[in-house]
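Going from the sequence shown to the numbering used here is simple: count from 1 and add 1224. We put the CB at the ideal spot given by N, CA and C, even for glycine. A quick write-up on the structure given underneath.
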Amino acid sequence: MDLSSMLWALNKLKAPREFLKVVVLVYFTSNLFNLEEDFRWLEYFAGQASCTFEMRQAGFRSARFDKLYCQDPGAHGRKTNWMDLTTPAGFALAVVFVMKGMELDLLSWFGIKCSSLVAVNSGTSKRSACNSIGLSCPSVDESNTLLERTICLCMLVTAKQGSLAR
């Protein structure tokens, strides 16, 4: 899918302007990696990645992402955890792989951690119908960031005419 079509679709979905800029930046750094559209299954927040394993067994080119896969971000000269969507590197990698997904034939699974979004946790997070952002503390901020970035990735999958699973 060409960049202008992708940006047009994202604009129709009312994607944030900042996210459109991220997509453009990732697209124009394509000389750093191959943007050939060849993935059919992407699993975010994968944990044990059982679904990815099954998709690979069925012959589908697949990728899995979870911050647990990079336990020591400082190893080998790394600055951040490149598998964590809350980091710039992790989010950019997630965008790259959605862009590498096959147009009209991409299925993305988002198993987002929702523990701070449920009603039982409203005492800790201070989220309510009137205050959807909640209390400003590290765990709530991380959940908000993950949710925002997951929504942006869902928009990108939709712009590529892919499918979402949850």
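**Asked** Between the beta-carbon of L1309 and the beta-carbon of A1318, is there less than 7 Å?
**Response** yes
**Prompt:** Does the Cβ of E1267 have 16 or more other Cβ atoms within 10 Å, making it buried, or fewer, making it exposed?
**Reply:** buried
**Message:** If contacts are defined as beta-carbon pairs under 8 Å, then C1378 and L1388 qualify, I think. What distance do you get, rounded to the angstrom?
**Reply:** 6 Å
**Prompt:** Which residues mark the beginning and the end of the beta strand (DSSP E) in which R1288 is found?
**Reply:** S1286 to F1289
**Request:** Quick one: using the 10 Å Cβ neighbour count with 16 as the cut-off for buried, is N1258 buried or exposed?
**Result:** exposed
**Asked** If you run the structure through DSSP and keep just helix, strand and coil, what is S1360?
**Response** coil
**Request:** Check whether the Cβ atoms of S1286 and R1280 sit closer than 7 Å, and answer yes or no.
**Result:** yes
**Asked** Exposed or buried, F1252, counting other C-beta atoms within 10 Å across all chains shown (16 or more means buried)?
**Response** exposed
**Asked** Mapping DSSP to helix, strand and coil, what is F1334?
**Response** strand
**Asked** Is the beta carbon of G1325 sitting closer than 7 Å to the one on G1386?
**Response** yes
**Asked** According to DSSP, which residues form a beta bridge with E1372?
**Response** DSSP, once it has assigned bridges, lists no residue as partnering E1372.
**Asked** From D1365 to W1232, what does the alpha carbon distance come to, in whole angstroms?
**Response** 30 Å
**Request:** Pull up the CB-CB distance for L1244 and L1237, whole angstroms please, since I reckon it's below 8 Å.
**Result:** Rounded, the Cβ-Cβ distance is 10 Å, inconsistent with contact.
**Prompt:** Given D1262, which residues of its chain have a CB within under 8 Å of its CB, disregarding the five upstream and five downstream residues?
**Reply:** R1285, K1324 and M1326
**Asked** Which of the three DSSP states, helix, strand or coil, is assigned to A1389?
**Response** strand
**Whole-angstrom distance between D1329 and F1289, CA atom to CA atom** = 19 Å
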